[in-house]
Every structure is written in structure tokens, then in C-alpha cells.
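Data first, discussion second: the structure below is written as C-alpha cells.
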Amino acid sequence: MKILVTGGAGFIGGNFVHHMVNKYPEYEIVNLDLLTYCGNLETLKPVEDKPNYKFVKGDIADKEFIMDLFEKEKFDVVVNFAAESHVDRSIENPDIFVHSNVLGTVTLLNACRKFGIKRYHQVSTDEVYGDLPLDRPDLFFTEETPIHTSSPYSSSKASADLYVMAYYRTFGVPVTISRCSNNYGPYHFPEKLIPLIISRALADQELPVYGKGENVRDWLYVTDHCKAIDLIIHKGRVGEVYNVGGHNEKTNLEVVKTILKALDKPESLIKFVTDRPGHDMRYAIDPTKLETELGWEPEYTFETGIKKTIEWYLENKEWWQNILSGEYQNYFSNMYGKRLENTEQ
Ligand code: NAD
Ligand code: DAU
3 MKILVTGGAG
13 FIGGNFVHHM
23 VNKYPEYEIV
33 NLDLLTYCGN
43 LETLKPVEDK
53 PNYKFVKGDI
63 ADKEFIMDLF
73 EKEKFDVVVN
83 FAAESHVDRS
93 IENPDIFVHS
103 NVLGTVTLLN
113 ACRKFGIKRY
123 HQVSTDEVYG
133 DLPLDRPDLF
143 FTEETPIHTS
153 SPYSSSKASA
163 DLYVMAYYRT
173 FGVPVTISRC
183 SNNYGPYHFP
193 EKLIPLIISR
203 ALADQELPVY
213 GKGENVRDWL
223 YVTDHCKAID
233 LIIHKGRVGE
243 VYNVGGHNEK
253 TNLEVVKTIL
263 KALDKPESLI
273 KFVTDRPGHD
283 MRYAIDPTKL
293 ETELGWEPEY
303 TFETGIKKTI
313 EWYLENKEWW
323 QNILSGEYQN
333 YFSNMYGKRL
343 ENTEQ
């Protein structure tokens, strides 16, 4: 079995490559990544010399390159992680999200249609469902929840999902989609909440919390997401969507305070800053379909997962300090300069 993993130099794709290369020595895993600002080959160091692993650099939206690659490699399965993934960046510059997330997905689907594959799997997000109100804890996203997006990022991901389902219905491409809640764990780029807070708290720097910090996210340890995708590509039904989440809802403030406590740092580092425009209030996944149909269950709770994550960041400082010392510094001052001056409280 030859599997194309796109975006495998990113956070979740990288963890998925590790999982697949180690679990299935008889499979060939080809990792295709453009190595954008968050693609990092250091993440692949533990597997780069394995005989069943290969890296290819390229853009999933480059039609000629993708067609040539598919013709040459004859993939059985495609798992598409490649995307622009940060909501704040999509607010600053939506265009690149259309290129990679929409055009990139359609380009891969065209190649799958032309060359034939056993399965195309789209790694989507719970953000396509929009958000839930804070005062209705009884509500959860199911696979039937209508698509209702808020940000340019979630709109590009929803658009990609619609193309995936159209290629299934119109052309019979054998597809599946997973929609997961917020991931955290090793190799998470430090622009996202959890690694940003860990890295800045360790340096005793101010911790920007948007608005009042009351927004709720449903956190899943990244390897539990990887195992869900492994199950879906092997046993999931073609044409189906599977929600992935482990019922670990926390407010952002709870997450930040948990990290500060674990690192023995003071809460006075917290700075409430100008909110994200269009900020979704609450995400919460109902994973019943994945659990009952495919027998998935998460290994980690938020408490065990966050402990493991903090340990990883303490033991792998070189991985994230290399990132912080580069172009990231410009990103941080552009994105947070004004915000940190205009605090909310
Ligand atoms: P990430 O930003 O860490 O990694 C994305 C990777 O895609 C990078 O390695 C980047 O170089 C690569 N890439 C970007 N554009 C590309 C292109 N045009 N061609 C080839 N490679 C390209 O993202 P992540 O957090 O690992 O997310 C991976 C996927 O999972 C995304 O599709 C995202 O929408 C989805 N997702 C993420 C989360 C989360 O909490 N992070 C949750 C649910 C779903
Ligand atoms: O739900 C799945 C989604 O989770 C994925 O599809 C996205 O790719 C992924 O980035 C993530 O999106 P979020 O916007 O929820 O993640 P982020 O880490 O950017 O923010 C988490 C919450 O923390 C959110 O409510 C905004 C808030 N936040 C974030 C940052 C970066 C802050 O308060 N301060 C910050 O500095």
C-alpha cells in the first residue's frame, strides 16, 4: 500500500507520518509538503531514515507537478493535511487560504479522479460548523450540523469539504472526511494558543488572551486524532463524514491557568487583549458515530495530554526555540504589537 500524506511537515501531518511509518513498516509513506513558514523537516528527523518513508517538496495546488507525481507514484491512498491552518493569519491575508485549502484540494481530487485511488481522505475541522452558544452546554456538533462558517480559514475548509463530497457524488471518487476539534501535543507551531503560552510563560513574557478568555475549545491530544484517521482510511465508509473529539471542553482562561500552574509561573503574566474579529464562542464535538461505527476511543484526557505536552516542550526546547529565533519574531510583533498595547482590562 502506497500512501500520499500531504502537509506531513506540519503539526498533525508530522505526528500522522510518525504513526503510520512506525505502525505499518510494510506500507510506503510519501510525505508531500511545500515547507511553508510552519512546515519543518526537523519534525521528521525520527523517521527520515526509515526505508518505508520518503519526502517530496511541492505545492498541492500546482497542477502539473501533482499530475506528474501521481502518474509516477501510483498512490493507493491520499490523506490531505496540507493547508493554511491559522485563523488569525486568514484574517490578515485570506487569499493564500483559497490557494492552498480550496485550489489545493481540488487539484488533488482531479489527480485522484484521473489516476484512480482506493481512498481520498480530507482532514477537515469542526470549525466548518461555526460555533455554539456558551449558555447551551447541551448542544454539540454532529455530522448533520449545517455548515455555517465564521472566518476566511473555516470558509476555505468548508469549501474544500463541499468539493470533496461533489467529487464523490459526481465522479465516484472514493472519499472520506474527518472533522476534528482543536489538537495539541508535540511539534505544534508556537503561533497557536497552547504552544504559544508554554513558550512565552517559560520566558516570563506576557500571555495574550483574546477578549475575556471565556471562549471554549474542545481539546484533543494529537495522537488520538492520528489514530482516528488511521481507522477511517482502513474501515470508514466511503462518502461519509466522521467527527473526531474527546469531550474535553475548556475555556481559554482555564487552559492558560493550567499551563501556568504546571510551570509554576504567576497568573500576573496574563494580558487580556483585543479580541479576534468574528471570534467563535464554543466548539464541542459529538464523536458518537466514530465511536460506535469504528470503535475509536481517545487514550488521553486533557489532564494527561497537557502534562505530556508540557513535558515534550521542556525536553525539546531546540525544536521550538529555532522557530522563535527566526521570521517568527516579525510575525509576533505584527500580529500582537497593537494588541498588547490595547489591553482589554
Ligand atoms: P500546520 O499549519 O501545522 O501544517 C500545515 C502543513 O501544510 C505545513 O507543513 C505546510 O508547509 C503545509 N502546506 C501548506 N500549504 C501547502 C501547499 N499548498 N502544498 C503543500 N503543503 C502545504 O497545520 P496543522 O495544525 O497540522 O493542521 C493540519 C490539517 O488539519 C489542516 O488541514 C487543518 O485544517 C486541519 N485541522 C487542524 C486542527 C488543529 O487543531 N491544528 C484541528 C482540526 C483540523
Ligand atoms: O477547532 C479546530 C481548529 O483549531 C483548527 O481547524 C485550526 O487549524 C486550529 O488552528 C485551531 O483553531 P483555533 O482558532 O481554535 O486555535 P488557536 O490556537 O488559534 O486559538 C485557540 C483559542 O485561543 C481561540 O479561542 C483564540 C484564543 N487565543 C489564541 C491565540 C493564538 C488567544 O486567546 N490568544 C492567542 O494568542
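Residue numbers (my numbering): 3 to 347.
Glycine included, each C-beta is placed from N, C-alpha and C at the ideal position.
Taking just the CA atoms, how far does E320 sit from T109?
For the purposes of this step, residue 109 is identified with residue 107 of the sequence shown, where counting begins at 1. For the purposes of this step, residue 320 is identified with residue 318 of the sequence shown, where counting begins at 1. Distance between the alpha carbons of T109 and E320 is about 36 Å.
Using the beta-carbon of each residue, find all residues closer than 6 Å to any heavy atom of the ligand ADP and list them in chain order.
Among the ligands in the structure shown, the ligand ADP does not appear; only the ligand NAD and the ligand DAU can be found there.
Cβ shell of L342 (< 7 Å), same chain only, five flanking positions each side left out:
Residue 342 sits at position 340 when you count from the first residue of the sequence shown. Here the set comprises E208, P210, K273 and V275.
How about N54: is its Cβ closer than 8 Å to a heavy atom in the ligand NAD?
Counting from one through the sequence shown, the residue named residue 54 turns up at place 52. Not so, every heavy atom of the ligand NAD lies at least 8 Å from the Cβ.
Could you check what DSSP says for V81 in three-state terms: helix, strand or coil?
Within the sequence shown, numbered from 1, the residue matching residue 81 stands at position 79. Three-state DSSP puts V81 in a strand.
Identity of the residue in H236, P268 and K252 nearest A205 by Cα
Translated into positions along the sequence shown, residue 205 becomes position 203. If we check each option's Cα against that of A205, P268 comes out closest.
Roughly how many angstroms separate the alpha carbons of F13 and Y189, rounded to a whole number?
One-based indexing of the sequence shown puts residue 13 at position 11. One-based indexing of the sequence shown puts residue 189 at position 187. Near 5 Å, if we compare the C-alpha coordinates of Y189 and F13.
May I have a chain-ordered list of the alpha helix (DSSP H) segments no shorter than 4 residues that lie completely inside the region 34 to 92?
65 to 75
For L111, name the three-state secondary structure that DSSP assigns.
For the purposes of this step, residue 111 is taken as residue 109 along the sequence shown, with counting starting at 1. Three-state DSSP puts L111 in a helix.
Where does I119 sit, in a helix, a strand or coil, going by DSSP?
Taking the sequence shown and counting its residues from 1, the one referred to as residue 119 is at position 117. Note: I119 maps to coil in three-state DSSP.
Straight-line CA distance for K263 to T306?
Looking up residue 263 in the sequence shown gives position 261. Looking up residue 306 in the sequence shown gives position 304. If you take the alpha carbons of K263 and T306, they lie about 14 Å apart.
If you reduce the DSSP assignment to three classes, tell me which class L342 lands in.
Start at 1 with the first residue of the sequence shown, and residue 342 comes out as number 340. Here L342 sits in helix by DSSP.
Report the rounded CA-to-CA distance for K4 versus Y212, giving the unit in angstroms.
Indexing the sequence shown from 1 puts residue 4 at position 2. Indexing the sequence shown from 1 puts residue 212 at position 210. Answer to the nearest angstrom: the Cα atoms are 43 Å apart.
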